[in-house]
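*Asks:* Got a structure for you, written out below as structure tokens; questions coming shortly.
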Amino acid sequence: MTFSIKLQVNEHKNGTLERKSEFEFEFAHTLISTRNQMDIPPSNDPKTPLLPLDDPNQRSQIKFPSSLKSILTSNNFNILLGPLLSTIICLHVNLDGSLTTSRNMLAVLAWIFAWWLTEAVPMQVVPMTIAAMSPLLLYPLFGIASADDVAHSYMNDVIALVLGSFILALAVEHYNIHKRLALNITLVFCGDPLNPPLLLLGICGTAAFVSMWMHNVATAVMMMPVATGILRRFPTGPNQSVVVGKFCRAVVLGVLYSITIGGMSTLTGTGVNLILVGMWQSYFPEAAPVTFSTWFLFAFPSALLMFLALWALLCCLYCSRSSGQALSVYFDKAHLKEELEMLVVKNPTCQNRPTHLNCVDAARAGPMAYAEKMVLALFSMLIVLWMTRSITEDIPGWGVLFKGLAGDGTVSVMIATLLFIIPSKKQKGEKLMDWDKCKKLPWNIILLLGAGLAIADGVRSSGLADILSESLDFLEAVPYLAMTPAVCLISSTITELITSNNATATLIVPLLIQIAKTMHVHPLLLMIPGGIGAQFAFLLPTATPSNTVGFATGHIEIQDMIKIGLPLKIAGIAVLSLLMPTLGVYVFRTGEQVQ
Numbered sequence: 001m002t003f004s005i006k007l008q009v010n011e012h013k014n015g016t017l018e019r020k021s022e023f024e025f026e027f028a029h030t031l032i033s034t035r036n037q038m039d040i041p042p043s044n045d046p047k048t049p050l051l052p053l054d055d056p057n058q059r060s061q062i063k064f065p066s067s068l069k070s071i072l073t074s075n076n077f078n079i080l081l082g083p084l085l086s087t088i089i090c091l092h093v094n095l096d097g098s099l100t101t102s103r104n105m106l107a108v109l110a111w112i113f114a115w116w117l118t119e120a121v122p123m124q125v126v127p128m129t130i131a132a133m134s135p136l137l138l139y140p141l142f143g144i145a146s147a148d149d150v151a152h153s154y155m156n157d158v159i160a161l162v163l164g165s166f167i168l169a170l171a172v173e174h175y176n177i178h179k180r181l182a183l184n185i186t187l188v189f190c191g192d193p194l195n196p197p198l199l200l201l202g203i204c205g206t207a208a209f210v211s212m213w214m215h216n217v218a219t220a221v222m223m224m225p226v227a228t229g230i231l232r233r234f235p236t237g238p239n240q241s242v243v244v245g246k247f248c249r250a251v252v253l254g255v256l257y258s259i260t261i262g263g264m265s266t267l268t269g270t271g272v273n274l275i276l277v278g279m280w281q282s283y284f285p286e287a288a289p290v291t292f293s294t295w296f297l298f299a300f301p302s303a304l305l306m307f308l309a310l311w312a313l314l315c316c317l318y319c320s321r322s323s324g325q326a327l328s329v330y331f332d333k334a335h336l337k338e339e340l341e342m343l344v345v346k347n348p349t350c351q352n353r354p355t356h357l358n359c360v361d362a363a364r365a366g367p368m369a370y371a372e373k374m375v376l377a378l379f380s381m382l383i384v385l386w387m388t389r390s391i392t393e394d395i396p397g398w399g400v401l402f403k404g405l406a407g408d409g410t411v412s413v414m415i416a417t418l419l420f421i422i423p424s425k426k427q428k429g430e431k432l433m434d435w436d437k438c439k440k441l442p443w444n445i446i447l448l449l450g451a452g453l454a455i456a457d458g459v460r461s462s463g464l465a466d467i468l469s470e471s472l473d474f475l476e477a478v479p480y481l482a483m484t485p486a487v488c489l490i491s492s493t494i495t496e497l498i499t500s501n502n503a504t505a506t507l508i509v510p511l512l513i514q515i516a517k518t519m520h521v522h523p524l525l526l527m528i529p530g531g532i533g534a535q536f537a538f539l540l541p542t543a544t545p546s547n548t549v550g551f552a553t554g555h556i557e558i559q560d561m562i563k564i565g566l567p568l569k570i571a572g573i574a575v576l577s578l579l580m581p582t583l584g585v586y587v588f589r590t591g592e593q594v595q
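Going by UniProt numbering, the first residue of the sequence shown is number 1, and it counts up by one from there.
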């Protein structure tokens, strides 16, 4: 038996209504199988009910096994695992007569990380989002902190920095500035005749630059279609030559890893950097803050060395200079210029009227429009203000005008506010951004950052940090030069095999702070290698969302990721082990005493 519901709106001559829709709901199979299970013979009587009348005994016999099966699932076990571990710790763990809050904090950590590691509560949202809000519930219940104190971790200067930069990133995406940048750089680096290593350098450099100012996941979602669009010029399947196949793999791997490397160089590039800086402010509020410019002075040279190592690996294994003749057949500068001229901001009013005069003019508008120029100007202004808020002790920067009260988050929110004020000059009353365009804001990442900062506050205020410090006395004799590569290796292994880089940083950075206190070294000497090392997830497609986006293109396989990712991971550990005791000591002033 099939029931169809057809709704049709006829087209009027004046063209005002032009929609036809048809909905069909087929559930004959369901009704027949249900009747067969209950041994109910079909009836032709129109008064016979479609479904059987209530029979408690029969219904319980039928539904009990399925109900039991629906309860005894692995996901439900994972949900119960967090409270179960927390209960065991509260009842049976004794931290040598320490405060009850220390034990309770350990129980809360077990609960939260059990949910994070098992992704027990996805509930139709991004995994770990619900677990990221659990400190708001668990801290007051376990007597660790008040609800008001916990909420402060979810909205401070670091979170404001992220929120403002995400809004600006959405504006850049909406006005296709990233695509325009990619096509322009491809034109510049294409060469005449074609130089494949130079073209690869331009594509990867674009991805790294965009990732410096936007979150890694957003950059991967925006830039990977740009990269694959360039590769569409090549033949696919059996007709694809070995040289072309290698270049395709080089482009996807290069964009994939360049996004990760570029995100390391700025605070806004990835959540790990923000978690690390937020924990530094939480544990050492009296110490000099790690500002945007301070981080950039150390992280950018580190990222640059890793980027050059990546480019050299790709050129040696996938993209030699001799491949230019085979690839030049498919690259035409005239075609690239045509694509650049066809760039147009998506206009909803033109989707149903592509032949409308205004839409045709818009589709041919190659030069940058006023709105694009204003977004680019605000983007540049934000970078300059971030870099000049605090420069050196002799040149304090513009932050001194506000007596140190303004932070990087202040600037980020100011620029985001201007996006909602400045007109776009496309339609009357339209601004550069409105809230409809902000619906794609990644609230899951913002909540996860807040959870990381809340955990850092809880570990410190509950006294659990002191207990960890006392239990790590044996590390006092370990030389620092041996600790740095070990910390990088451990954190990169955890983020590769067990959990995300954000969760790894949240777990390992508080522990590194206590290890640094035990070894009597500056905490940043271990925090920074541990935090950056947590981003060295280069081997598996499931290690980070960015890896998944690149792997989903179909151009690369796992062995390609291992072939490039393993030496790149080794190069990253070597770079940090070299620069942290040298450049890091100067930039972060690790010779000074930390209070």
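Note that CB positions come from ideal geometry on N, CA and C, so glycine has one too. Just so we're clear, the structure is a prediction, and the values are computed from it rather than from any experiment.
1) What distance in whole Å lies between the Cβ atoms of D408 and F292, which are believed to be in contact at a cut-off of 8 Å?
2) By DSSP, does P396 sit in helix, in strand, or in coil?
3) Looking at the unbroken alpha helix (DSSP H) that takes in V549, where does it start and where does it end?
4) F402: buried (16+ other C-beta within 10 angstroms of its C-beta) or exposed?
5) Look at the Cβ atom of R321, then the Cβ atom of P479, and state whether they are nearer than 7 Å.
6) Between the alpha carbons of G263 and L304, how many angstroms are there, rounded?
7) With a threshold of 7 Å between beta carbons, is L141 in contact with chain D?
8) In three-state terms, what does DSSP make of V251?
9) Express the C-alpha separation of T73 and Q61 in angstroms, rounding to a whole number.
10) Quick one: grab the DSSP three-state call for K440.
11) Considering only the alpha carbon of each residue, which of M105, A454 and P442 lies closest to T219?
12) Is the region 224-231 in contact with the region 246-254, if contact means three or more CB pairs nearer than 8 Å?
13) Nearest CA to the CA of A132: which residue from L507, R460, G450 and I88?
14) Could you check which residue in G591, L524 and K439 has the C-alpha nearest to that of F284?
15) Check P423 in the structure and name its three-state DSSP category.
16) With H, G and I counted as helix, E and B as strand and the rest as coil, what does DSSP make of K428?
17) In this structure, how does DSSP classify K403 when only helix, strand and coil are distinguished?
18) Report yes if the C-beta distance between A288 and M214 is below 7 Å; otherwise report no.
19) Helix, strand or coil: how does DSSP classify S320 here?
20) So what's R232 in DSSP terms, helix, strand or just coil?
21) Just how far apart, CA to CA, sit L566 and C488?
22) What are the boundary residues of the alpha helix (DSSP H) that E372 is part of?
23) Along the chain, where does the alpha helix (DSSP H) containing I556 start, and where does it finish?
24) Please state if the CB of I261 and the CB of A208 are separated by a distance shorter than 7 Å.
25) Relative to the ligand COA, is the shortest distance from any of its heavy atoms to the C-beta of I391 smaller than 6 Å?
26) Please classify F64: does DSSP put it in a helix, a strand, or coil?
27) My output table needs one value for residue 598: the three-state DSSP class, helix, strand or coil.
28) Relative to the C-alpha of L183, which candidate in H152, L274 and G229 has its C-alpha closest?
29) Output yes or no for whether 7 Å exceeds the beta carbon distance between G533 and S577.
30) Cβ of M105 within 7 Å of Cβ of G458?
31) Please determine, among I494, I446, S462 and H520, the residue with the shortest C-alpha to C-alpha distance to I275.
32) Along the chain, which unbroken stretches of the alpha helix (DSSP H) at least 4 residues long are found entirely within the region 169-194?
33) Buried or exposed for F551, going by 16 or more other Cβ atoms inside 10 Å?
34) Just how far apart, CA to CA, sit T118 and T548?
35) In chain order, what residues of the same chain have a beta carbon less than 6 Å from the beta carbon of H174, not counting five sequence neighbours either side?
36) Return yes when the Cβ of L539 is within less than 7 Å of the Cβ of E592, no when it is not.
*Replies:* To lay it out plainly:
1) Here residue 292 corresponds to residue number 292 of the sequence shown, with the count starting at 1. Here residue 408 corresponds to residue number 408 of the sequence shown, with the count starting at 1. Between D408 and F292 the Cβ distance is about 5 Å, and since that is below 8 Å, they are a contact.
2) Here the question's residue 396 lines up with position 396 in the sequence shown. Shown here, P396 sits in coil according to DSSP, grouped into three states, outside any helix or strand.
3) For this step, residue 549 is matched to residue 549 along the sequence shown. Residues P545 to F551.
4) Counting from one through the sequence shown, the residue named residue 402 turns up at place 402. That one is exposed.
5) Position 321 of the sequence shown, counted from the start, is the residue given in the question as residue 321. Position 479 of the sequence shown, counted from the start, is the residue given in the question as residue 479. Contact flag unset, no.
6) The sequence position of residue 263 within the sequence shown is 263, counting from 1. The sequence position of residue 304 within the sequence shown is 304, counting from 1. Straight-line Cα distance between these residues: approximately 11 Å.
7) In the structure shown, chain D does not exist; there is a single protein chain.
8) Within the sequence shown, numbered from 1, the residue matching residue 251 stands at position 251. The answer is helix: DSSP assigns V251 an H, G or I state.
9) Residue 61 sits at position 61 when you count from the first residue of the sequence shown. Residue 73 sits at position 73 when you count from the first residue of the sequence shown. A caution first: Q61 carries a pLDDT of 49, below 50, which makes its placement in the model too unreliable to give a value.
10) The residue labelled residue 440 in the question sits at position 440 within the sequence shown. Per DSSP, reduced to three states, the secondary structure at K440 is coil, with no helix or strand assignment.
11) The residue labelled residue 219 in the question sits at position 219 within the sequence shown. Of the residues M105, A454 and P442, the one whose Cα lies closest to the Cα of T219 is P442.
12) By the Cβ test, the region 224-231 is in contact with the region 246-254, since at least three Cβ pairs between them sit closer than 8 Å.
13) Your numbering for residue 132 matches position 132 in the sequence shown. Among L507, R460, G450 and I88, the Cα nearest to that of A132 belongs to G450.
14) Position 284 of the sequence shown holds residue 284. Each of G591, L524 and K439 was checked against the Cα of F284, and the nearest Cα belongs to L524.
15) Locating residue 423 in the sequence shown gives position 423, where the first residue counts as 1. Assignment of P423 by DSSP, reduced to helix, strand and coil, places it in the strand class.
16) For the purposes of this step, residue 428 is identified with residue 428 of the sequence shown, where counting begins at 1. DSSP places K428 in coil when its eight states are reduced to three.
17) Locating residue 403 in the sequence shown gives position 403, where the first residue counts as 1. Residue state, collapsed to three classes: coil.
18) Within the sequence shown, numbered from 1, the residue matching residue 288 stands at position 288. Within the sequence shown, numbered from 1, the residue matching residue 214 stands at position 214. If you check the CB distance, A288 and M214 do not come in under 7 Å.
19) Numbered from 1 along the sequence shown, position 320 holds the residue referred to as residue 320. It is coil, neither helix nor strand.
20) For this step, residue 232 is matched to residue 232 along the sequence shown. Coil at R232, not helix or strand.
21) Along the sequence shown, read from residue 1 onward, the residue named residue 566 stands at position 566. Along the sequence shown, read from residue 1 onward, the residue named residue 488 stands at position 488. Going from the Cα of L566 to the Cα of C488 covers about 14 Å.
22) Here the question's residue 372 lines up with position 372 in the sequence shown. Its alpha helix (DSSP H) spans residues Y370 to T388.
23) Mapped onto the sequence shown, residue 556 falls at position 556. That residue, I556, is in no alpha helix (DSSP H); it is neither H nor E in DSSP.
24) In the sequence shown, counting from the first residue as 1, residue 208 sits at position 208. In the sequence shown, counting from the first residue as 1, residue 261 sits at position 261. Against a cut-off of 7 Å, the Cβ pair of I261 and A208 comes out as a contact.
25) With respect to small molecules bound, the structure shown includes none, and the ligand COA cannot be examined in it.
26) Counting from one through the sequence shown, the residue named residue 64 turns up at place 64. Note on F64: pLDDT 48, under 50, position unreliable in the model; the coordinate value appears next. In the structure shown, F64 sits in a helix (DSSP, three-state: H, G or I).
27) The chain is shown only over 1 to 595; residue 598 falls outside these bounds and no answer can be derived.
28) Residue numbering aside, residue 183 sits at position 183 when the sequence shown is read from its first letter. Residue G229 is the option with its Cα nearest to L183.
29) To locate residue 533, count along the sequence shown from 1; it is residue 533. To locate residue 577, count along the sequence shown from 1; it is residue 577. Against a cut-off of 7 Å, the Cβ pair of S577 and G533 comes out as no contact.
30) Taking the first residue of the sequence shown as 1, we reach residue 105 at position 105. Taking the first residue of the sequence shown as 1, we reach residue 458 at position 458. Contact flag set, yes.
31) Here residue 275 is taken as the residue at index 275 of the sequence shown, counted from 1. Among I494, I446, S462 and H520, the Cα nearest to that of I275 is on I446.
32) You should have 177-189.
33) The sequence position of residue 551 within the sequence shown is 551, counting from 1. Buried, since its Cβ has 16 or more Cβ neighbours within 10 Å.
34) The residue you call residue 118 lines up with position 118 of the sequence shown. The residue you call residue 548 lines up with position 548 of the sequence shown. CA-CA distance, T118 to T548, rounds to 18 Å.
35) Position 174 of the sequence shown, counted from the start, is the residue given in the question as residue 174. These residues qualify, in order along the chain: K437.
36) One-based indexing of the sequence shown puts residue 592 at position 592. One-based indexing of the sequence shown puts residue 539 at position 539. Contact check for E592 against L539 fails: the beta carbons are separated by 7 Å or more.
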